[in-house]
Amino acid sequence: MICDEHENRMQANHFLQIFPKELADYCKFNLQEEKGLEFFTRLEEAFFLLQSFLPNGQLLFTTPNFIKHLRKEVETINQLK
């Protein structure tokens with residue numbers, strides 16, 4: 001991740017800590033057990049989740065409530081597919 005001078009690096013660090021866990025939870029597999037192989041079959045879903053957490057590349061301030069809201073939003077949109 002590349003941060004501009006005006007971007008909050010602590011916020012970027014927080015994103016990089018939570019996003020892999022959210023991605024693994026969303027895809028319902030353990031990255032260590034699957035060695036990432038299943039990840040490549042679900043790239044569209046991973047991209048959708050990334051766009052939810054990082055819309056247009058914009059780093060958002062995330063709290064546990066915001067993450068919970070995003071999970072519900074992603075589930076709702078995924079059910080409409």
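Per UniProt numbering, the very first residue in the sequence shown carries number 1; after that it's consecutive.
Just so it is clear, CB atoms sit at the ideal spot from N, CA and C, and this is done for glycine as well.
Query                                                                                                      : Result
CB-CB length for S52 against L70, believed under 8 Å                                                       : 5 Å
Inter-residue CB distance, I67 and E7 (contact presumed, cutoff 8 Å)                                       : 20 Å between Cβ atoms; not a contact.
Outcome for L49 when other beta-carbon atoms lying within 10 angstroms are tallied against a minimum of 16 : buried
F61 beta carbon less than 9 Å from that of Q17                                                             : no
Minimum Cβ-Cβ distance from E73 to chain D less than 9 Å                                                   : In the displayed structure, chain D is absent; only one protein chain is listed.
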